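Trainee:
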Amino acid sequence: MTDATGTPPRAESIFRQNLRNFAFNRLAVASTVVVLIFIVMAIFAPLIAPHDPNETDLFRRLQPPAWQAGGEWSYLLGCDGLGRDILSRIIFGTRISIFIGAAVILVATTIGILAGLASGYLRGWVDVVISRLVDILLGFPYLIFAIGLMAMMGPGLVNIILALAYKEWVIPCRVVRGETLVTRELEYVEAARALGASKSHIMLKEILPNIMSPVIVVASIRMAHVIILEASLSFLGLGVQPPTASWGSMVADGRAFILDAWWVSTFPGLAILLLVLAINVASQGLRDAFDPRFHE
Amino acid sequence: MSALLSVKGLRTVFETRAGIVRAVDGVDIEVERGECLGVVGESGSGKSVTFSSVMGLVKSPGRIDGGELLFDGRDLRSLSPQELRNLRGKDIAMTMQDALTALNPALTVGEQIAEVLEIHDASLPASRRERRRAIRERSVEILNLVGIPAAETRLGQYPHEFSGGMRQRIMIAIALSCSPKLLIADEPTTALDVTIQAQVLELITELRAKLNMSVVLITHDLGVVAEHCDRVIVMYAGQVVEEGPTREVIEKPQHPYTKGLLASIPRMSLRGQPIRPIEGQVPDLINMPAECRFYSRCGVRKAVCKSLISMRRVGVGHRARCVRLEEASS
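Those protein sequences? They're chains L and W, same order as listed. Positions 126 to 421 (my numbering) are the ones given, in order, by the first sequence. Positions 30 to 359 (my numbering) are the ones given, in order, by the second sequence.
In structure tokens form, the structure reads like this:
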């Protein structure tokens with residue numbers, strides 16, 4: 126909060142203290158840097174990629190990575206079955222993974238927060254309806270559910286996001302509902318009611334700011350899951366349609382040559398591993414910093 | 030002029046699995062304009078529930094079972110939830126027992142005062158910038174009123190950066206921000222140490238005169254009542270057992286429970302003597318027998334006390350729920 130008198134803001138919210146705690150965890154900070162590098166790669170893909178990711182060259186079919194016999198330094202990680210540069214495709218594939226991951230989490234968390242607040246604060250039939258819906262959705266295996274939806278809606282970027290968000294919202298919803306149930310009984314919520322605040326005001330302005338920490342932590346952990354799910358859908362051919370580069374479909378492309386040309390599947394697989402691992406470690410760090418039980 | 034708040038025959042019950050708990054059972058209270066009314070009683074006597082009922086804040090499984098609530102001539106029980114919400118915080122404000130938990134830890138003090146003004150103050154200018162400046166000015170003014178120094182900078186701070194007494198002041202500031210006609214202070218001093226208690230009560234008394242509002246002081250401390258209240262109501266097991274002008278009740282208590290409360294206060298004049306607590310427990314509020322509620326603990330009970338006892342007049346404005354008074358006065 127800026128001060129009208131120009132005095133520096135002395136205030137430090139618990140949220141900001143948590144962020145400072147986070148900064149002391151070196152592994153988590155390093156992982157965050159890795160995630161940030163991936164994000165920068167996604168944003169500036171056309172500037173960073175050495176080649177056009179969709180440009181085929183039959184003379185370079187299954188060209189090995191640069192350090193192997195027959196490799197070239199301008200095609201660092203080699204080429205795939207159609208002679209496309211794998212490094213460039215991985216760089217462009219980052220866009221799909223991160224965009225879909227972020228979009229799904231954004232949509233799912235927004236829905237989850239609203240549904241969780243409503244069911245946790247309003248209780249009654251609203252809670253019954255939302256909680257039962259959550260139970261039902263949790264009963265479905267995630268991937269099969271997504272495959273079914275993709276089969277119904279057809280492939281496409283927006284459809285993938287919808288298919289994943291359709292079920293993903295239950296995760297933040299349960300977290301928010303649980304936290305809301307605890308928070309609604311606290312005295313400051315009672316005090317707000319005594320001051321004449323409306324229900325929506327209490328939910329969004331009194332309760333929500335107090336439960337944001339676990340929501341952020343869960344969102345970051347789930348982002349890694351969503352990225353894997355998107356890769357799985359693409360691997361099954363239900364994701365982004367070719368020739369658009371996606372890590373999952375790149376791994377699938379390499380299946381046919383896995384014995385002769387290991388690099389086609391391996392490098393996009395490693396990219397998935399690295400990004401998901403980085404997100405997981407970073408979110409573990411977030412959890413440690415934001416969960417008071419881990420404070421010494 | 031009629032009383033500001035008039036409660037008649039209020040009954041609030043809680044339906045629990047064990048049975049119906051009659052937390053408030055036929056309570057009559059009048060709060061006059063500009064007066065300070067003390068409400069005394071031990072935990073579970075129904076003093077907080079009575080005023081939660083007035084505010085319409087009784088939570089499920091509790092509900093108001095009967096009675097009349099008139100505030101400034103309006104029937105509170107017939108108001109819609111929306112109308113009641115407009116009334117809360119604007120005309121009737123309440124401060125909670127523990128100021129540490131009653132302030133939202135995620136919002137700055139300034140934000141929390143601004144909220145109330147945003148909800149209730151219709152006189153704020155429409156344009157956003159002027160609105161924000163007006164709110165800021167009002168907030169600083171209110172913090173100055175409750176004696177918080179450096180209000181400008183403190184507005185941007187979070188509740189955990191304040192001491193206990195300061196937090197209670199902030200609670201009062203928030204409650205007073207829309208100049209209510211009635212302030213209900215629910216045990217404003219229980220979480221504070223004695224010197225700060227005195228300061229906070231001084232502040233409430235001072236602001237009552239300055240803003241010409243009525244104050245209901247809910248407490249279990251008769252000392253607080255003696256110093257700050259015009260009138261006092263003693264509650265026991267969901268009923269009013271004695272009410273009257275503070276001096277009279279304290280100097281000439283009529284009900285054995287009030288006497289017991291006064292006897293259990295340590296006093297310098299009784300140095301060396303053991304404190305005499307009231308023996309026994311508050312009766313079970315679920316299966317209340319049709320007798321005097323203090324029967325099981327009363328030292329002067331007799332056969333007549335096995336029937337329902339009504340309030341009897343003792344003096345001007347002084348009434349008590351005991352059959353023994355006639356004997357005492359005659």
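Beta carbons: idealized from backbone N, C-alpha and C, even for Gly. This one's a predicted model, so the numbers in the text were calculated from it and none came from an experiment.
Kindly list the residues whose CB is nearer than 6 Å to the CB of TRP294 (chain L), restricted to its own chain and excluding five residues on each side of it in sequence; keep chain order.
Mentor: Cβ within range, chain order: ALA233, ILE236 and GLY237.
Trainee: Roughly how many angstroms separate the alpha carbons of PHE147 (chain L) and VAL229 (chain L), rounded to a whole number?
Mentor: The straight-line gap from Cα to Cα measures roughly 25 Å.
Trainee: Hey, would you say MET305 (chain L) sits closer than 8 Å to GLY241 (chain L), going by beta carbons?
Mentor: Note that residue 305 (chain L) is Thr in the sequence shown, not Met. Yes.
Trainee: Does THR130 (chain L) get closer than 8 Å to chain W when you measure Cβ to Cβ?
Mentor: With a pLDDT of only 42 at THR130 (chain L), under 50, the local geometry of the prediction cannot be trusted, and the value read off the model is given with reservation. It does; some Cβ of chain W falls within 8 Å.
Trainee: Grab me the residues of LEU262 (chain L)'s own chain with a C-beta within less than 6 Å of its C-beta, minus the 5 sequence neighbours each way, in chain order.
Mentor: Hits under 6 Å: LYS292 and VAL295.
Trainee: On the DSSP bridge assignment, give the partners of GLU271 (chain W) in chain order.
Mentor: For GLU271 (chain W), which the question treats as bridged, DSSP gives the partners W:VAL263 and W:ALA349.
Trainee: Taking C-beta pairs closer than 8 Å, name the residues in chain L that GLY118 (chain W) reaches, listed in chain order.
Mentor: Simply ALA319, LEU320, GLY321 and ALA322.
Trainee: Looking at the C-beta of GLU312 (chain L), does it have a partner C-beta in chain W at a distance below 8 Å?
Mentor: GLU312 (chain L) counts as touching chain W.
Trainee: Which residues, in chain order, does the segment 323-335 of chain L contribute to contact with chain W at a C-beta distance below 8 Å?
Mentor: Cβ contacts with chain W come from SER323, HIS326, LYS330, GLU331, PRO334 and ASN335.
Trainee: Residues in its own chain within less than 6 Å of MET337 (chain L) by CB, not counting five upstream and five downstream?
Mentor: Correct list: empty, nothing qualifies.
Trainee: Kindly indicate the opening and closing residues of the beta strand (DSSP E) around LEU246 (chain W).
Mentor: Its beta strand (DSSP E) spans residues 243-248.
Trainee: Distance check for VAL343 (chain W) and GLY55 (chain W), CA to CA, integer angstroms please.
Mentor: Between GLY55 (chain W) and VAL343 (chain W), the C-alpha separation is close to 20 Å.
Trainee: Would you verify that the beta carbon of PRO134 (chain W) is, or is not, closer than 8 Å to some beta carbon of chain L?
Mentor: With 8 Å as the cut-off, PRO134 (chain W) counts as an interface residue toward chain L.
Trainee: State the DSSP-derived secondary structure class of GLU147 (chain W), mapped to helix, strand or coil.
Mentor: Helix at GLU147 (chain W).
Trainee: Going by alpha carbons, who is nearest to LEU395 (chain L) out of L:LEU411, L:PHE382, L:GLN188 and L:MET375?
Mentor: The shortest C-alpha separation from LEU395 (chain L) is found at L:MET375.
Trainee: In the segment 263-329 of chain L, which residue ranges form an unbroken alpha helix (DSSP H) of at least 4 residues, counting only runs that do not cross its ends?
Mentor: Correct list: 267-278, 282-293, 295-308 and 312-319.
Trainee: Could you compute how far the alpha carbon of ARG341 (chain W) sits from the alpha carbon of CYS351 (chain W)?
Mentor: Going from the Cα of ARG341 (chain W) to the Cα of CYS351 (chain W) covers about 7 Å.
Trainee: Output, in chain order, the set of chain L residues within a Cβ distance shorter than 7 Å of VAL145 (chain W).
Mentor: Within chain L, the residues near VAL145 (chain W) are LEU320.
Trainee: Can you say whether PRO90 (chain W) is buried or exposed, counting buried as having 16 or more other CB atoms within 10 angstroms of its CB?
Mentor: Exposed, by the Cβ-count rule.
Trainee: Does the beta-carbon of HIS420 (chain L) have 16 or more other beta-carbons within 10 angstroms, so that it is buried, or is it exposed?
Mentor: Note that HIS420 (chain L) scores a pLDDT of 49, beneath 50, so its modelled location is shaky; the value from the coordinates is reported in the next line. So HIS420 (chain L) counts as exposed.
Trainee: Could you tell me which residues DSSP pairs with ALA214 (chain W) in its beta bridges?
Mentor: Paired residue(s): W:THR124 and W:LEU246.
Trainee: Where in the segment 71-141 of chain W do unbroken runs of the alpha helix (DSSP H), each at least 4 residues long, occur, reported from the N-terminal end onward?
Mentor: Those alpha helix (DSSP H) runs which fall completely within the segment 71-141 of chain W and span 4+ residues are 76-84, 110-116 and 128-131.
Trainee: Can you find at least 3 beta carbon pairs, one from the segment 259-269 of chain W and one from the segment 72-79 of chain W, that sit closer than 8 Å?
Mentor: The segment 259-269 of chain W vs the segment 72-79 of chain W: in contact.
Trainee: Taking its Cβ as the centre, do 16 or more other Cβ atoms sit within 10 Å of THR130 (chain L), making it buried, or is it exposed?
Mentor: Because THR130 (chain L) carries a pLDDT of 42, less than 50, the predicted location of this residue cannot be relied on, and no value is offered for it.
Trainee: If I measure Cβ to Cβ from ILE164 (chain L) and keep anything under 7 Å in the same chain, skipping five residues before and after, which residues do I get?
Mentor: Excluding sequence neighbours, ILE164 (chain L) sits near ILE223.
Trainee: Taking just the CA atoms, how far does THR219 (chain W) sit from ALA356 (chain L)?
Mentor: The straight-line gap from Cα to Cα measures roughly 59 Å.
Trainee: Could you name the residues of chain W that ALA316 (chain L) contacts, counting a contact when the two beta carbons are closer than 7 Å?
Mentor: In chain order: MET125 and ALA131.
Trainee: Listing by chain order, which chain L residues have their CB less than 7 Å from the CB of HIS149 (chain W)?
Mentor: The contacting residues are GLY321.
Trainee: Among L:VAL159, L:MET166, L:ILE162 and L:GLY206, which one has its Cα closest to the Cα of GLU180 (chain L)?
Mentor: GLU180 (chain L) has its Cα closest to that of L:GLY206, out of L:VAL159, L:MET166, L:ILE162 and L:GLY206.
Trainee: If I measure Cβ to Cβ from CYS321 (chain W) and keep anything under 6 Å in the same chain, skipping five residues before and after, which residues do I get?
Mentor: Answer for CYS321 (chain W): CYS334 and ILE338, listed in chain order.
Trainee: Rounded C-beta distance between PRO266 (chain L) and ASP210 (chain L)? I'm assuming under 8 Å.
Mentor: Not quite, the Cβ-Cβ distance comes to about 36 Å (not below 8 Å), so this is no contact.
Trainee: Does any residue of chain L bring its CB to less than 8 Å from the CB of ARG92 (chain W)?
Mentor: No, no contact with chain L.
Trainee: The alpha helix (DSSP H) that contains ARG214 (chain L), what's its start and end?
Mentor: From DSSP, the alpha helix (DSSP H) with ARG214 (chain L) extends over 211-242.
Trainee: Taking C-alpha atoms, which residue in W:LEU136, W:LEU129, W:LYS88 and W:HIS149 lies nearest to ARG114 (chain W)?
Mentor: Measuring from the Cα of ARG114 (chain W), the nearest candidate turns out to be W:HIS149.
Trainee: Distance check for LEU399 (chain L) and THR391 (chain L), CA to CA, integer angstroms please.
Mentor: Between THR391 (chain L) and LEU399 (chain L), the C-alpha separation is close to 12 Å.
Trainee: In this structure, does DSSP put GLY131 (chain L) in helix, strand or coil?
Mentor: The predicted model places GLY131 (chain L) with a pLDDT of 41, which falls under 50 and marks its position as unreliable; any figure quoted below should be read in that light. Looking at GLY131 (chain L) - three-state DSSP - the assignment turns out to be coil, as it is neither helix nor strand.
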